[in-house]
Amino acid sequence: MEASHMTAAETKAQEDNVDSHPAEQSTEAAAVLAPPTESHGQEETTPLVDGSALPRIEVSSSDSKTRPRTEGSASASVTPHPLRATALITSVPLEEQDALRQTFQRLDTDADGHLKYTQLKTQLPKKFTREQERFTEEVYNLTNSITFFGVDEFMVMNRLSQCVEGLTGRAAEAFETLDFTVLSQHLLKYIGLFDAMDKGNTGKISLDNLQKILSDTVSPMLITDSALWDEALDSISADFSSEVSKVVFIAHIPLFLSLETAFK
Numbered sequence: 001m002e003a004s005h006m007t008a009a010e011t012k013a014q015e016d017n018v019d020s021h022p023a024e025q026s027t028e029a030a031a032v033l034a035p036p037t038e039s040h041g042q043e044e045t046t047p048l049v050d051g052s053a054l055p056r057i058e059v060s061s062s063d064s065k066t067r068p069r070t071e072g073s074a075s076a077s078v079t080p081h082p083l084r085a086t087a088l089i090t091s092v093p094l095e096e097q098d099a100l101r102q103t104f105q106r107l108d109t110d111a112d113g114h115l116k117y118t119q120l121k122t123q124l125p126k127k128f129t130r131e132q133e134r135f136t137e138e139v140y141n142l143t144n145s146i147t148f149f150g151v152d153e154f155m156v157m158n159r160l161s162q163c164v165e166g167l168t169g170r171a172a173e174a175f176e177t178l179d180f181t182v183l184s185q186h187l188l189k190y191i192g193l194f195d196a197m198d199k200g201n202t203g204k205i206s207l208d209n210l211q212k213i214l215s216d217t218v219s220p221m222l223i224t225d226s227a228l229w230d231e232a233l234d235s236i237s238a239d240f241s242s243e244v245s246k247v248v249f250i251a252h253i254p255l256f257l258s259l260e261t262a263f264k
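In full-length UniProt numbering, the protein residues as written are 1 to 264.
Here it is as structure tokens:
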């Protein structure tokens with residue numbers, strides 16, 4: 001019994017000793033966890049954030065209808081949607097909308113309101129090159145990674161494919177030099193820049209805003225040298241006066257990438 005009392009007393013003493021120095025123990029633990037720092041007589045500076053960095057997304061399979069995240073998630077809210085803007089659907093004539101809705105319903109064989117890429121592919125222009133078709137698939141994959149590919153996306157994609165088919169000259173040739181291993185990130189970059197300029201979500205930006213985007217991604221000389229800017233405009237296969245639609249902008253992303261390479 002006496003030995004038992006001594007053990008309890010010793011245990012109590014040890015506990016009292018631990019409790020009497022909590023601050024010292026906390027300081028010692030912090031010293032172990034925190035890596036040593038070196039002082040060079042200068043104030044610590046915060047590294048600059050690369051503003052061009054955009055969120056990476058998990059691109060869904062072309063044959064998948066399952067989006068990897070819900071629309072309400074934080075990640076989805078910052079990922080640019082290539083085929084969504086207020087004016088993109090309303091720009092399609094009502095008669096054409098009715099015909100496209102009927103086509104969508106025919107393709108949507110399981111009637112779940114969403115299309116796989118294999119179903120969409122049957123509606124692409126017959127004259128599409130392999131590179132143009134792969135570009136369209138990348139746009140589909142990006143869209144499908146944000147939301148299901150429904151009838152609205154189908155109608156806007158129809159507009160985009162028509163625009164791509166109508167490209168000529170350097171804008172059409174640029175598809176042949178696309179690097180598809182990094183194309184998804186380039187799409188994110190350019191569509192994100194467009195959306196940043198299109199604050200009203202109208203689906204259009206001014207020529208001045210297009211110039212600002214390309215001066216940032218291609219070369220500042222596109223602002224300072226009017227001759228270079230005129231040359232860049234001449235290579236865009238579109239008829240416009242003072243505005244550029246989102247569909248036309250996306251169709252010309254391969255051209256913008258080729259200009260980046262030319263100015264390196």
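Virtual Cβ for every residue (Gly too), placed ideally from N, Cα, C. The structure displayed is predicted, hence computed values, not measured ones.
Is the Cβ-Cβ distance between residue i and residue j less than 9 Å?
i: T103; j: F149; result: no
i: S258; j: K204; result: no
i: L210; j: S235; result: no
i: S184; j: L142; result: yes
i: E165; j: F135; result: no
i: K121; j: E95; result: no
i: S237; j: L228; result: no
i: P80; j: D179; result: no
i: T147; j: R84; result: yes
By how many angstroms is the C-alpha of residue j removed from the C-alpha of residue i?
i: T168; j: E131; result: 15 Å
i: S226; j: D216; result: 16 Å
i: D112; j: R106; result: 12 Å
i: I253; j: D108; result: 29 Å
i: D152; j: S242; result: 26 Å
i: H114; j: Q97; result: 17 Å
i: N201; j: D110; result: 32 Å
i: E44; j: E133; result: Residue placement at E44 is flagged as unreliable, the pLDDT there being 43, under the threshold of 50; a coordinate-derived value is accordingly withheld.
i: P93; j: A99; result: 10 Å
i: T224; j: D208; result: 13 Å
i: T181; j: A174; result: 16 Å
i: V59; j: Q119; result: Annotation note: pLDDT 48 at V59 (below 50); position unreliable, no value reported.
i: L88; j: S206; result: 16 Å
i: R170; j: D230; result: 14 Å
Taking residue i and residue j to be in contact with their CB atoms under 8 Å, please state how far apart those CB atoms are, rounded to whole angstroms.
i: L187; j: A251; result: Between A251 and L187 the Cβ distance is about 12 Å, and since that is not below 8 Å, they are no contact.
For residue i, count the other beta carbons within 10 Å of its own beta carbon; 16 or more makes it buried, fewer makes it exposed. Which is it?
i: E176; result: exposed
i: M172; result: As written in the sequence, residue 172 is Ala, which differs from the Met given in the question. Buried.
i: L198; result: According to the sequence shown, residue 198 is Asp rather than Leu. The residue in question, D198, is buried, as its Cβ has 16 or more Cβ neighbours within 10 Å.
i: K116; result: buried
i: F249; result: buried
i: A232; result: buried
i: T90; result: exposed
i: K264; result: exposed
i: V139; result: buried
Could you work out which residue in the options is closest to residue i when comparing CA atoms only?
i: S145; options: E243, E231, P82, L214; result: P82
i: A262; options: F249, M221, E133; result: M221
i: M157; options: E260, I253, V247, K264; result: V247
i: Q162; options: E243, D179, K126, R170; result: K126
i: L193; options: T181, V92, D152, I213; result: I213
i: Y190; options: L88, T118, E260; result: E260
The ligand SAH and residue i: does any heavy atom of the ligand fall closer than 8 Å to the residue's C-beta?
i: V92; result: With respect to the ligand SAH, the structure shown offers nothing to examine, as it has no ligands at all.
Between residue i and chain B, is the shortest Cβ-Cβ distance under 9 Å, so that the two count as touching?
i: D98; result: No chain B is present in this structure, which holds just one protein chain.
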